[in-house]
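Using the working numbering, you'd call the opening residue of the sequence shown number 144 and step up by one each time. From the three backbone atoms N, C-alpha and C, an ideal C-beta is built for every residue, glycine too.
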Amino acid sequence: ESLKSSLECREGTNAWTSFSASLWDRMLLILTLMFLRWKKADGVVVLCPPDCSQWRASVFGTGTYAAISSVCGAAMHRGVLGPSGGSVRVHKQQGRHNYMSSYAHGIQSQSLSRWTASFNLTTKKPLKKPSVKKALAGGNKDCQMDIALVIDSSNNIGQRRFNLQKNFVAKLAAMLRVGPTGPHVGLIQASDSPRTEFVLTNYTQPKELLFAIKELAYLGGDTNTGKAIMHTAETFFTQDNGARRGHPRVMMVLMDGWPSDDLEQAAMLARESGINVFLVSVAKPAPEELAMVQDKDFMKKAVCKDNGFFTYLIPSWFSTTKHVKPLTQRLCSLDSLLCSKTCYNSVNIGFLIDGSSSVGEGNFRLVLDFLAGIARSFDISDMGSRIGAVQFTYDQKLEFSLFDYSTKEDAINALRRIPYMSGGTATGEAIRYTTQNLFRRSGPGRNFLIVVTDGQSYDDVRGPALAAQKQGITIFSVGIAWAPLDDLKAMSSQPKDSHTFFSREFTSLVELIPLLVRGICRDFTENN
C-alpha cells in the first residue's frame, strides 16, 4: 500500500496500472486490496511517502473524500499528514452527493457532484472526539426539521472566536440529535461570498456531523450575511441536497457584530420560500459602534417574524454553552415556526373547466396546459398544497378530488389526461356542484377555485358563486373568446378587478399563469 500510495502521488493512476510487479508483489497487492475492501471496524493504516505535495494528487471533497481521491493527498489536505509523510488511518464511508472543494494545507481539493464510496482519515492514533451524550440511533423524532446553519466566517469574528463558534455549533448539533428520522443539518459559511460546506444528506449521524464541523476552515472577508441568506434560500433546500417533502425548513444565522450588506430582500425571499429564519447575534454592536451599522433594524428585518421568538442575543462567544439548550428548543418548536406555511404549500386549488362544444378538442388541450402551468407553481404533496378538477357542460363530472393525488407529477399527469366532454354551458350549476363535491372535504389550507370558460352561461352564476364564497372559497374567473365580462365579474371574488381575467385567444392563456399565481399568493398572505 505504501508503494501504491507513492505511485499515486507521483504519477497518478496510470503509473500504478502499468507497474510491473513480480508474482509475489501481485499476491501481496491482492491481499492488501481485499483487506482495504473488507476491514471496516477500525479502518486501514496506509503508509504515505514524503514530499507527496510536490507531485500531482487528485483530491475530491473536504473532510470526507470521494473514493477516487489520492489517500495521501487527502491526508495532507486534511492536515493529519505533513511533508515528511507517515501513517494515516483510512475509514470507509458510504457514497454521497456534493463533495465540496476547498484549499487547505497547500492542497486544493476539487468538487464532485456524486461518487459511490467515500473515506475519511485520522492519524494512526485516533483523534480525541468531542464528548457528546450518546444519541438515539434514529435521531430526535420530535425535531424532524431540515436545518441550514449559516455561520460567520468574516474578518469581524477572527480565527479565535471562529473556533469558539465551531465549538458552540458542535454542541448545538449534538443536542439536536441528527438522524435519519430526526433533524438533518447542513452548513454554509458567510464571508465575501457564501460557501456551502455540506448539505442535508452529507452527515446524518452525530459523529460524522461533529467531525465535519470540527474540520471547518476559517475564511475571512466581509460579513455579507444577506448574500449568505439569499444563497441559502435559493439553492440549499432542494431535493438534490436532501430537503424532505413536508418537513419544516429552518435557517439559523449566526452573526458576530453586524452585517456588511442588506438583509431585507434576502429575508423576504426566505419567508416567501417557507423558510423559518432565526438570527443569533453574538456580541451586538456597542453604543459607540452603532454609527458604523448601516441598518439599525437589521435583526427585525432578517427573521421570519419580528415577535421576539426568532431573534436570540448572546453577549459573548465565551458564554455560549448555557444558550445551547434554549436555542435547540426554539429550533424544534414546530407550532411556533410561522413561516413554514406559504401560499405555495398551504392551498387547495379547484379547477372548474368548461368542456362545452364551443371550446373544441384542440383548445381544450390548451386549457389543460394552462392549468398544468398554474399547478406546477405549487408544492403539491400529501402534506402541502392539493389540486382537484371538475369538468362541466350541462352536466358535471368530478375528474379527480383534492385527495386523489399526493405528488405534483401524478396530479399534473391526471390533469393532462382529462378527456373532452362537449355539450352546453351551465356554469352556475357547475359552481354549486364543485362547492358541494370537490370542496366537501379539503385540506387544512385556504380554498381557491379557478373557473375557466369561453362563453355565456345558460343559468345564473351570481347566486352559486356567492354561496361558494360564503363557505370560504375564493373564486378567480378566467374568460376566453366570447365569455361575457359581466358573467366573469359576477362569479369572481372581491375586489372584482384583481380576480377577473380575460384572454382573446386560447394560445395566450399561458401569459396569465404568473398573474393568477401571484393573485393566489396575495390573497393567502393578506388573509394570514
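C-beta contact flag for residue i and residue j at 9 angstroms
i	j	result
L406	D438	yes
D597	V502	yes
G493	G531	yes
P326	C475	yes
I673	T617	Beyond the ends of the chain as shown, which are 144 and 671, falls residue 673; an answer cannot be given.
N306	S336	no
A611	T577	yes
S416	A376	yes
G364	N298	yes
G322	N263	no
D289	P192	no
V425	P469	no
L581	L609	no
R584	S520	no
G186	H234	yes
T643	S635	yes
Q408	G369	yes
Among the options, the one whose alpha carbon lies nearest that of residue i
i	options	result
I356	M398, D597 and A317	A317
L655	L509, L609, K284 and Q236	L509
D547	D525, V312 and R559	D525
I623	T471, F513, G451 and P226	F513
D630	A610, S600 and P657	S600
A515	R560, T568 and Q236	R560
I372	L422, D478 and K350	L422
T668	F649, F543 and L481	L481
V189	L456, A217 and G281	A217
L592	D440, S489 and S620	S620
V342	R257, V202, R232 and K465	R257
A410	F379, T381, M442 and G400	M442
CA-to-CA distance, residue j to residue i, given in whole angstroms
i	j	result
L255	E358	19 angstroms
V446	A260	39 angstroms
R387	P402	30 angstroms
Y487	Q637	22 angstroms
G228	M398	39 angstroms
R665	G204	43 angstroms
D603	D640	20 angstroms
R304	A360	13 angstroms
I300	L330	17 angstroms
S499	A569	9 angstroms
L628	T381	42 angstroms
Y346	W460	26 angstroms
S212	V393	33 angstroms
F645	L353	57 angstroms
P657	K448	26 angstroms
D497	P607	16 angstroms
Whole-angstrom C-beta distance between residue j and residue i, which should lie under 8 angstroms
i	j	result
I517	V660	6 angstroms
A590	N491	Just to set this straight, residue 590 is Asn in the shown sequence, not Ala. Between N491 and N590 the Cβ distance is about 5 angstroms, and since that is below 8 angstroms, they are a contact.
I523	T485	13 angstroms between Cβ atoms; not a contact.
S489	S528	7 angstroms
V202	T265	Contact flag wrong, Cβ pair sits at about 17 angstroms.
Proximity test, Cβ basis, 9 angstroms: residue i and chain C
i	result
T339	In the displayed structure, chain C is absent; only one protein chain is listed.
Please determine if the stretch 553 to 573 and the stretch 523 to 539 are in contact, where contact requires at least 3 C-beta pairs separated by less than 8 angstroms. By the criterion of at least three beta-carbon pairs nearer than 8 angstroms, the stretch 553 to 573 is in contact with the stretch 523 to 539.
For the pair the stretch 289 to 309 and the stretch 236 to 247, tell me if three or more CB-CB distances fall below 8 angstroms. No contact exists between the stretch 289 to 309 and the stretch 236 to 247.
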